[in-house]
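These notes are about the structure you will find just below.
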Amino acid sequence: MNYDGHEGLRRDIAGLANSMCDLKTTLNVLEEKYHYRHDGLPERLAGVSLRRISVLMDEAFNIALLLDESFRD
Numbered sequence: 014m015n016y017d018g019h020e021g022l023r024r025d026i027a028g029l030a031n032s033m034c035d036l037k038t039t040l041n042v043l044e045e046k047y048h049y050r051h052d053g054l055p056e057r058l059a060g061v062s063l064r065r066i067s068v069l070m071d072e073a074f075n076i077a078l079l080l081d082e083s084f085r086d
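For the working numbering, add 13 to where a residue sits in the sequence shown, where the first one is 1.
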């Protein structure tokens, strides 16, 4: 354990990583539902935006996971 005295920080980072994982799952569902090949223009625009959000979310999620993994139990 490498976080003596910082247990709250450890819990917060683990919670953040878990929340981001849940959000990523929701985002994947929305991307599947509203993709850029959809017939309607609003759905296509949403699909393009969701794809961009997904790319940014992947980057942020990877950073959160690296931080989460830096704690050793």
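Ideal Cβ placement from N, Cα and C applies to all residues, glycine included. These numbers come from a predicted model, not from an experiment.
Annotation for residue 60: the continuous alpha helix (DSSP H) segment containing it runs 54-82. Out of 27, 23, 32 and 17, the CA that lies nearest to the CA of residue 70 is found in 32.
Nearest C-alpha to residue 76 among 85, 43, 29 and 66: 29.
Contact between residue 15 and residue 65 is ruled out by a C-beta separation of about 36 Å, above the 8 Å threshold.
At a Cβ-Cβ threshold of 7 Å, residue 63 and residue 44 count as neighbours. Taken atom to atom, the span from the alpha-carbon of residue 83 to that of residue 57 is near 39 Å.
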